[in-house]
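Read through the structure below, which is laid out as structure tokens, and then see the notes.
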Ligand SMILES: NC(=O)c1ccc[n+]([C@@H]2O[C@H](COP(=O)([O-])OP(=O)(O)OC[C@H]3O[C@@H](n4cnc5c(N)ncnc54)[C@H](O)[C@@H]3O)[C@@H](O)[C@H]2O)c1
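Residue numbers (the working numbering): 93 to 532.
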């Protein structure tokens, strides 16, 4: 098929590369001209597992341009994957999606054949039918469902594994204005996926609510595990991992996203949760579960901050190992580890920061919070406490005697994910979150 992808960011560029590598012709559009120059020069401007390799393998099937008209004239399906940033009240802004619709309105008007406009960006429920559909009809003078199709087809991927998740989804969500468009998008995914996902085909509003509610449900599950971890922490003999393993074996619950730890972060979960609450308010309803999931998430940061200050007063020093919101990515947006780091910095702690990816690509914001260290051993130099914050696999095989050698005498180790449990330390006093071994 001939597909255009508008918005070549963290999700859009991976989407374009996946379609192209599976043999489809792709026109990739972005309004950032420098981004397009880099892509045309063969540089991969986005950090994501396997993305450079996929772009290289698919280079004969993909063109990059700032020309929206080319995208419409040379393809039959246009995927829009531009930012929908959160407003302070939790609402998402549709401004970038609407800007794209204004750009493609004229070429769509000129086109004789049926064209499918597929919104992938996460949007507030009601956006497709009350904003995008009438806008497209006004701009083109065409009728939705007859002359063009409108699809809402958000993705459920995690940064760091976008390509694997995109090609191996549990479910493909397709909200459609008409059956022809829904069938075409189904066929498109059938031609690229490497597993047998469930195709959830529905109307536009149901798909919009499904996207938000799925993410909210996952945050609720994560917060449940984290609340359980707090309970275990205060209960001598309790171990959250043993309990969640048993809970996860029940098919009504399942094991994924059930590990007690530092809470959820990143560019989607926290904001989707807030958006769900905003949507409910706009309908005159008060949700109880989503706000509770957010509250538990914030409370973990407070609890951990209080634990640290009780054990080691400022200025520390304290080493923070792991800043990304999850392993496999450099993204620190809404990362619980970053929230704690900021709190400690404000409280006057001297911080030594390490993360396998985030520190390498650190912004000035991160550099202002502490000393950026090239490896965990450098981070541990002279510290009175080391806090393991992100579950990076490399932290599971640290040379602990080497760390103990460089840390200050009698240091503390706070292990948010119990990565180092079972290790006999010579110097460290060990505190694993969710293990009932402490009255902290
Ligand atoms: N990143 C994720 O993990 C993820 C997961 C699921 C859903 N989403 C959703 O996907 C959407 C995109 O997210 P992202 O993380 O890829 O964003 P991003 O910021 O990484 O990339 C967005 C891209 O769109 C381009 N762009 C912005 N306005 C444009 C316009 N008017 N015309 C052409 N290009 C334009 C930008 O230059 C940028 O390259 C958002 O709605 C987000 O909520 C993201």
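Glycine included, C-beta positions come from ideal geometry on N, C-alpha and C.
Of the listed residues the options, nearest to residue i (C-alpha basis)
i: residue 388; options: 348, 331, 323; result: 323
i: residue 227; options: 214, 94, 201, 301; result: 201
i: residue 301; options: 253, 341, 364; result: 364
i: residue 307; options: 467, 360, 221; result: 360
i: residue 472; options: 486, 206, 492; result: 492
i: residue 253; options: 352, 390, 142; result: 142
i: residue 449; options: 518, 285, 251; result: 251
i: residue 198; options: 223, 231, 166, 179; result: 231
i: residue 207; options: 334, 165, 113, 484; result: 165
i: residue 287; options: 303, 257, 309, 369; result: 257
i: residue 195; options: 215, 209, 220, 383; result: 209
i: residue 468; options: 163, 112, 490, 515; result: 490
i: residue 374; options: 218, 381, 528; result: 218
i: residue 249; options: 104, 381, 321; result: 104
i: residue 447; options: 483, 494, 177; result: 483
i: residue 511; options: 392, 276, 414, 381; result: 414
i: residue 405; options: 303, 419, 177, 441; result: 441
Assigned secondary structure, residue i (DSSP; H/G/I helix, E/B strand, else coil)
i: residue 272; result: helix
i: residue 444; result: strand
i: residue 207; result: strand
i: residue 110; result: helix
i: residue 315; result: helix
i: residue 356; result: coil
i: residue 422; result: coil
i: residue 184; result: strand
i: residue 482; result: coil
Cβ shell of residue i (< 7 Å), same chain only, five flanking positions each side left out
i: residue 271; result: none
i: residue 128; result: 122, 156, 157, 158
Between the CA atoms of residue j and residue i - distance to the nearest angstrom
i: residue 56; j: residue 185; result: Limits of the chain in this structure are 93 at one end and 532 at the other, which puts residue 56 out of reach.
i: residue 377; j: residue 362; result: 20 Å
i: residue 505; j: residue 453; result: 26 Å
i: residue 524; j: residue 355; result: 15 Å
i: residue 329; j: residue 366; result: 36 Å
i: residue 238; j: residue 110; result: 29 Å
i: residue 433; j: residue 424; result: 11 Å
i: residue 144; j: residue 135; result: 8 Å
i: residue 152; j: residue 133; result: 14 Å
i: residue 395; j: residue 319; result: 11 Å
i: residue 168; j: residue 298; result: 25 Å
i: residue 353; j: residue 94; result: 44 Å
i: residue 522; j: residue 400; result: 12 Å
i: residue 146; j: residue 182; result: 35 Å
i: residue 486; j: residue 106; result: 26 Å
i: residue 514; j: residue 488; result: 11 Å
i: residue 371; j: residue 114; result: 37 Å
i: residue 421; j: residue 526; result: 25 Å
i: residue 508; j: residue 497; result: 22 Å
i: residue 187; j: residue 337; result: 44 Å
i: residue 443; j: residue 393; result: 17 Å
i: residue 214; j: residue 381; result: 21 Å
Own chain partners of residue i with C-beta closer than 6 Å, once the 5 adjacent residues on each side are dropped
i: residue 550; result: The structure shown does not extend to residue 550, since the chain spans only 93 to 532, so no value can be given for it.
i: residue 357; result: 417, 426, 427, 428
i: residue 339; result: 345
i: residue 161; result: 199
i: residue 379; result: 369, 372
Residues near residue i in its chain [Cβ-Cβ closer than 8 Å; skip 5 each side]
i: residue 255; result: 106, 109, 110, 140, 141, 142, 143, 146
i: residue 349; result: 310, 313, 314, 317
i: residue 341; result: 347
Does the segment 267 to 282 touch the segment 243 to 251, meaning 3 or more C-beta pairs lie closer than 8 Å? yes
Three-pair Cβ contact test at 8 Å for the segment 407 to 415 versus the segment 469 to 480: yes
Inspect the CB distances between the segment 254 to 264 and the segment 216 to 227 and report whether three or more fall short of 8 Å. Between the segment 254 to 264 and the segment 216 to 227, the count of C-beta pairs closer than 8 Å stays below three; the two stretches do not touch.
Count Cβ pairs between the segment 167 to 186 and the segment 99 to 107 that sit closer than 8 Å; are there 3 or more? yes
Pair every Cβ in the segment 460 to 476 with every Cβ in the segment 427 to 446, then say whether three or more of these pairs are closer than 8 Å. yes
Does the contact criterion of 3 or more C-beta pairs under 8 Å hold for the segment 100 to 119 versus the segment 189 to 203? In this structure the segment 100 to 119 does not touch the segment 189 to 203; the number of beta carbon pairs closer than 8 Å is below three.
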